[in-house]
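Peer 1: This is the structure, below, for whatever I ask next.
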Amino acid sequence: MNKKKTQHKVHKEIKGFDIEINPFGELKSNMNIDDINAFLNKHLQDKRVEDGQPKSAPDSEEE
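So the sequence shown is numbered by my numbering: it starts at 83 and just counts up by one.
Right, here's the structure in full:
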C-alpha cells in the first residue's frame with residue numbers, strides 16, 4: 083500500500099518558500115531573510131515580551 087502524502091497548509095505570503103543547508107552548514111533560502119522576519123513579526127507573538135513590555139532579565143552581576 084502506498085501512503086498518501088498530506089499537503090500542509092501554507093500561508094499565501096510564503097507559498098513556495100524553500101530553505102536548505104549546504105555542505106558548509108550555511109542556510110540557503112529562496113526568500114530574503116528580512117522578508118521572513120517581517121512575516122514572523124507580523125504573524126507571531128514574541129514569547130519574551132509580555133503585554134508590549136520586555137521581560138526584565140535577571141541580574142547577572144555578582145557581588
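C-beta atoms are modelled at their ideal positions from N, C-alpha and C, and glycine is treated no differently.
These figures come from a predicted structure and were not determined experimentally.
#1: According to DSSP, Ile101 sits in a beta bridge with which residue or residues?
#2: Going along the chain, which residues of its own chain have a beta-carbon closer than 7 Å to the beta-carbon of Phe121, five neighbours each way excluded?
#3: Counting only C-beta atoms, is Lys124 closer than 9 Å to chain D at any point?
#4: Considering only DSSP beta bridges, list what Val92 is partnered with.
Peer 2: By the coordinates alone:
#1: Working through the sequence shown from its first residue, we reach residue 101 at position 19. In DSSP, Ile101 forms a bridge with Ser111.
#2: Counting from one through the sequence shown, the residue named residue 121 turns up at place 39. Closer than 7 Å at the Cβ level, and outside the excluded window around Phe121, lie Glu95 and Ile96.
#3: In summary, chain D is missing from the structure at hand, where a single protein chain is found.
#4: By one-based count along the sequence shown, residue 92 stands at place 10. According to DSSP, Val92 bridges with nothing at all.
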